[in-house]
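Here's the structure we're looking at; comments come further down.
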Amino acid sequence: MVIDNYPAFAAAYEDADELLVQFTREGGGYGLHVVLTVDAPNNIRMKLSSNIGLVISLQLKDNTEYMSVIGRTNGLVPSPLPGRGLVKGEPPLEFQTALPAAGQTEFQRTAQLKQVFGKMAIAWGNQPRSRPINTLPEAQPLCELRELWDTNKNTDATPIGLDEDSLEPFGLSLNSGPHFMVAGPPQSGKTTLLRVWLMGLARALSPQQLNLILVDFRQDSLGPLAALPHATVVDTPDAFAARIEQLDGVLNERRRMLEAARQRARGDFDAQAFSAQFARMVLVIDDFDAVRDQAPVEAMMALDGWAKASRGLGLYIVMAGAEGDFFGVDGWARTVKDQQTGFFLGSADMQVFNARVPYALTKKLYAPGQGFFVAKARLTQIKVATPDVGAVRLAQMVRDVRERWPMRAREAGAAEDILEVQAMPSAF
Numbered sequence: 116m117v118i119d120n121y122p123a124f125a126a127a128y129e130d131a132d133e134l135l136v137q138f139t140r141e142g143g144g145y146g147l148h149v150v151l152t153v154d155a156p157n158n159i160r161m162k163l164s165s166n167i168g169l170v171i172s173l174q175l176k177d178n179t180e181y182m183s184v185i186g187r188t189n190g191l192v193p194s195p196l197p198g199r200g201l202v203k204g205e206p207p208l209e210f211q212t213a214l215p216a217a218g219q220t221e222f223q224r225t226a227q228l229k230q231v232f233g234k235m236a237i238a239w240g241n242q243p244r245s246r247p248i249n250t251l252p253e254a255q256p257l258c259e260l261r262e263l264w265d266t267n268k269n270t271d272a273t274p275i276g277l278d279e280d281s282l283e284p285f286g287l288s289l290n291s292g293p294h295f296m297v298a299g300p301p302q303s304g305k306t307t308l309l310r311v312w313l314m315g316l317a318r319a320l321s322p323q324q325l326n327l328i329l330v331d332f333r334q335d336s337l338g339p340l341a342a343l344p345h346a347t348v349v350d351t352p353d354a355f356a357a358r359i360e361q362l363d364g365v366l367n368e369r370r371r372m373l374e375a376a377r378q379r380a381r382g383d384f385d386a387q388a389f390s391a392q393f394a395r396m397v398l399v400i401d402d403f404d405a406v407r408d409q410a411p412v413e414a415m416m417a418l419d420g421w422a423k424a425s426r427g428l429g430l431y432i433v434m435a436g437a438e439g440d441f442f443g444v445d446g447w448a449r450t451v452k453d454q455q456t457g458f459f460l461g462s463a464d465m466q467v468f469n470a471r472v473p474y475a476l477t478k479k480l481y482a483p484g485q486g487f488f489v490a491k492a493r494l495t496q497i498k499v500a501t502p503d504v505g506a507v508r509l510a511q512m513v514r515d516v517r518e519r520w521p522m523r524a525r526e527a528g529a530a531e532d533i534l535e536v537q538a539m540p541s542a543f
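Taking the working numbering, the leading residue of the sequence shown gets 116, the next gets one more, and so forth.
So this is what it looks like as structure tokens:
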């Protein structure tokens, strides 16, 4: 790692200074070497410079400064020639810097270097090259992220954004749950995250493999996904109660089938393999406070037991809302919260997750869609992709999914009852 003009780098990236201290202290054992240039000895912190073993000093204006850089020189001062300097050692030695290429002028030497680099590139051929250093985009189009993700194999995760540390696509699997909490201040990107994630699931899984139950009492956040062949939108308290009643019937039937299969197997039974045939039912609740305040008590109580006993039955719950909405919750919402898996967007000041955020990250400003994926107190910094920028927008993605899974595509306005279909044995 070579950083030219370290003082300017440190001023622009204050948080990176502590990382450099760690790199210079521990990196050698992992093959990481750091080279820094500074314009004056006092422009680098002692905490960092003390980790650097090899020090070279070109000519300094004040001869007394060599002592702080090289150590005791016993009167040795480099000759006043371009490229002449001292290298730290016992004793210190004077050296002359070589020119990187032949030529009488800087222009000629630069041209010569370019020729050398070109020949090296040809000689290297198609062998692996160093990866480009990318920067975090202001907005990451979902359509472009999907193209990157399609090159990744052997994973059941779907892409939802970028890992801010590696700038590689970040994917999420339902198996990381089964339940997830999405929290953050207003306008922090929670609904966008839900849209992106659910679009990815609908693209990857057929309607026979995935049912999306989208609870949106405010009728403005998950509506764009209503046309997905996997989706049923629940937008009133009465519809929520009816849906939970149907869900109760499906889960009871699945439990009966699971128990019957276990008894037939007489001890040699793989419950996970048997449960894999169940369609995944994802209950998504946006604006949790609206559901908490308006949903019938009986429906909420019915959901309590299933949230705890859902593993192996194909039920996944995703609830999203402001952080304050999740304080003091009980029942099924407490079960989801206690799993401590999900997202916190728009801020690092999280209290709803039992995770420690590094101090350097608490000072950072978070744009909508930026935040953390939390899994059992482990943090991953992410930036959620945006479905409404780029060459392919959300509406077109929905149309593409309908074409991908035509056997369950619905005519506009037709309300197919996914859960009733799922209650049939052939759909399990």
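All C-beta atoms in this analysis are idealised placements derived from N, C-alpha and C, irrespective of residue type, glycine included.
Between the beta-carbon of I328 and that of R369 there is about 15 Å, and that puts the pair past the 8 Å contact cut. Under the 10 Å beta carbon count, S462 is surrounded by 16 or more other beta carbons and is classified as buried. Straight-line spacing of the CA atoms in A298 and D453 works out to 14 Å. The same chain holds no residue with a CB closer than 6 Å to that of G382 once the five nearest residues on each side in sequence are set aside. A straight line joining the alpha-carbon of A475 with that of E141 spans about 20 Å. Beta-bridge partners of F459 (DSSP): A298 and F487.
Contact annotation: the stretch 190-197 does not touch the stretch 156-170, with fewer than three C-beta pairs closer than 8 Å. M314 has its alpha-carbon roughly 11 Å from the corresponding atom of A341. Nearest to A125 by alpha-carbon distance, out of G146, L147, T152 and G144, is T152.
The C-beta of T450 has 16 or more other C-beta atoms within 10 Å across all chains shown, which makes the residue buried. Residue environment for M182: exposed (fewer than 16 other C-beta atoms within 10 angstroms of its C-beta). Under the three-state reduction of DSSP output, F210 falls in the strand class.
When G429, E279, E129 and P274 are compared, the shortest CA-CA separation from G286 is found for P274. Comparing alpha-carbon positions, the option among R160, G146, T501 and A216 lying closest to E129 turns out to be R160.
For secondary structure counted as the beta strand (DSSP E) over 3 or more consecutive residues, the stretch 147-183 holds these complete runs in sequence order: 171-173. The beta carbons of V499 and F468 sit no closer together than 9 Å.
With contacts defined by Cβ atoms closer than 9 Å, L228 and P339 do not form a contacting pair. Note on geometry: alpha-carbon atoms of T212 and I237 lie some 28 Å from one another. Q496: member of the beta strand (DSSP E) spanning R493 to V499, first to last residue.
A Cβ-Cβ contact shorter than 9 Å links V399 with A435. The count of Cβ pairs closer than 8 Å, one atom from the stretch 294-308 and one from the stretch 243-255, stays below three, leaving the stretches out of contact. Inter-residue distance for N326 and S291 is about 18 Å (C-alpha atoms, whole angstroms).
In this structure, Q137 sits away from E279, with a CB-CB distance that is not shorter than 9 Å.
P411 and F355 have their C-alpha atoms spaced approximately 8 Å apart. Here M434 is bridged, per DSSP, to M296 and I400. The stretch 324-407 contains, as complete beta strand (DSSP E) runs of 3+ residues, the segments 325-330, 346-349 and 395-400 (chain order).
For K423, the closest alpha carbon among the candidates L366, D464, Q392 and T351 is that of L366. Counting C-beta atoms within 10 angstroms of its own C-beta, E205 has fewer than 16 neighbours from the protein chains shown and is therefore classed as exposed.
Assignment of L287 by DSSP, reduced to helix, strand and coil, places it in the strand class. Within 10 angstroms of the beta-carbon of T456 lie 16 or more other beta-carbons, which makes it buried. Between the C-alpha atoms of M416 and S321 there is a straight-line separation of about 31 Å.
Restricting attention to A386, D440 and P352, the CA atom closest to the CA of A414 is found in P352. When DSSP reads this structure, I118 sits in a beta bridge with L151. With respect to M396, G429 sits close: the two C-beta atoms are nearer than 9 Å. Relative to L362, the option among A131, A254 and A394 whose CA is nearest is A394.
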